[in-house]
Amino acid sequence: MINPNSAIKKLQTRIFPFTIALTALAVSASAAFYSVSGLSKLFAGAAFAVIIMAASLEIAKLVIASLLYQYRENLPRLLKYYLSVACLVLILITSMGIYGFLSAAYQETAALAGNVDAQISLIETKRDNVKEQLAIYSNEKTSINGAVSDLRSGLSNNVIQYTDTLGNVLTTTSSSTRRALEKQLDQAIKRQTEINSRVDNLNQQLFDYETEIVEVTSSNNVAGELGPLKYLSGLTGKPMDQIINILLLVIIFVFDPLAIALVIAANFAFEQLQKKTKENVYGEQVEEEEWDEEHAHDMVLNQMVEEIGDDLFKETPPPPLPKKERLRYKDITK
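This note's numbering numbers the first residue of the sequence shown as 459 and each following residue consecutively.
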C-alpha cells in the first residue's frame, strides 16, 4: 500500500524544481526584455540589429551559466575561464541595458514634470503681476474712498456766517464752493467706480489663475509618479536625479545576477531529481535505494521473517517426498 505522505513528499520534491525553473525563466525573460529595449534606445540608429544581437547574447548567457554548472568538472580550464569571463561581461551588458531602459523612462517622466513645472511657473508669474496691480488699485481705492467721504462731509458743512448792516447773523452756503466740491465729488465717484471695477476684474483673474494652477497640478499623473522621489529628495536633502541614480544601481546589481543564480539553482534542483547510482561489488553501476522510515521498516520486517523462517526450517525439517517424486527427482538429476 502506498503511503499518502510519501507520495505527497515525492510530488513536492518534483514540483519545486519546476517552480525554480519557471521563476528563473520569468526573471531572465524580463531582464532580457528590459536590456534589449534599453540597448536599442542607446543605439537607436541600428535598433533592429541591436535587438537581434542583444537577444542572442541573452540566450547565450543562460546557456553558458548552465554549461558551466553541468560540466564544471569536465570543461578544459582555459575554456572554463573564458566562459566565466564572458558570462560576467554579458551580465554587465545586460545591466547596462536595464539601466538605459529605466533611466530613459525616468527622463520621460522628469520631462513631463518639467513641463508641468514650467506651466505652473508661468501661471504663477501672471498671478503675481495681478497681485501687484491689485495691491496698487486697493491702495488707490482706499484713498479715493477717503476723498469721497471728505468731499461729502465738505458739502454738508459748506456754511458761511456773516452779519448784515442791521447786526443780524446770517447763515448761508457758498455757491462757488458748493459747485467746486460737487465737481470734485463727481470726479472722485467716477474714479471710485472705475477702481472698483478694476479691483473686481483683478480678483476674478486672480481666482482664474489659482484655479488653473490647481487644474494643471491635478490633471496629470506626474505628481503621483515622482511623489516618492520628491519626498526622499526633501527628506535626504539630495537632488532627485542622484536619488534615482542610486535606486537604478541597486536594481541592476540585483536583477540580472539573480536571474543567473536562479538558472544555476534550477540546474542543481533538476540534478537532485536524477536517481543516484553507486558501484556494486561486481563493478556495475546500480541505483541507490532511497532510505526513509518506511523503507527501513520494511527491511526490518523482512529480516525478521527470514530469521523466523530459518528457525522453523531448522526445528521442523520438511516432510520426505513421496516415492514417485523421489524416483522422478533421481531421473532428473541423472
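Just so you know, even glycine gets a beta-carbon here, dropped at the ideal spot from N, CA and C.
So, for residue i: in the same chain, excluding its five sequence neighbours on each side, which residues have a beta-carbon less than 7 Å away from its beta-carbon?
| i | result |
| --- | --- |
| V508 | L497, S498, F501 |
| S561 | L706 |
| L690 | I701 |
| A544 | I522 |
| K696 | none |
| L660 | V588, Q591, L592, Y595 |
For residue i versus residue j, is the C-beta spacing smaller than 8 Å?
| i | j | result |
| --- | --- | --- |
| A489 | D714 | yes |
| E582 | T552 | no |
| L525 | L541 | yes |
| V485 | A717 | yes |
| I647 | V672 | no |
| L609 | Q577 | no |
| Y539 | L706 | no |
| Q472 | L731 | One point to set straight first is that residue 472 is Arg, not Gln, in the sequence displayed. Yes, the Cβ-Cβ distance between R472 and L731 is below 8 Å. |
| A719 | P475 | no |
| I833 | A723 | What is shown of the chain runs 459 to 792, which leaves residue 833 out entirely. |
Helix, strand or coil for residue i? Go by DSSP, reduced to three states.
| i | result |
| --- | --- |
| P534 | coil |
| G695 | coil |
| Q663 | helix |
| Q732 | coil |
Once the 5 residues before and after residue i are set aside, which same chain residues still bring their CB inside 6 Å of it?
| i | result |
| --- | --- |
| E598 | I653 |
Excluding the 5 residues flanking residue i on each side, which residues of the same chain have their C-beta closer than 8 Å to its C-beta?
| i | result |
| --- | --- |
| E670 | I581 |
Measuring alpha carbon to alpha carbon, tell me which of the options ends up nearest residue i.
| i | options | result |
| --- | --- | --- |
| F711 | V574, G695, M554 | M554 |
| A487 | A727, V721, F726, Q730 | V721 |
| E640 | S611, V588, E668 | S611 |
| Y564 | Q528, G692, L687 | L687 |
| V674 | T477, A505, E531, S579 | S579 |
| Q650 | S601, P697, E531, K584 | S601 |
| L592 | D644, N532, Q663 | Q663 |
| E668 | D586, G572, Q645 | D586 |
> What are the uninterrupted segments assigned as beta strand (DSSP E) that are 3 or more residues long and contained completely in the stretch 477 to 551, given in chain order?
Replying inline: none
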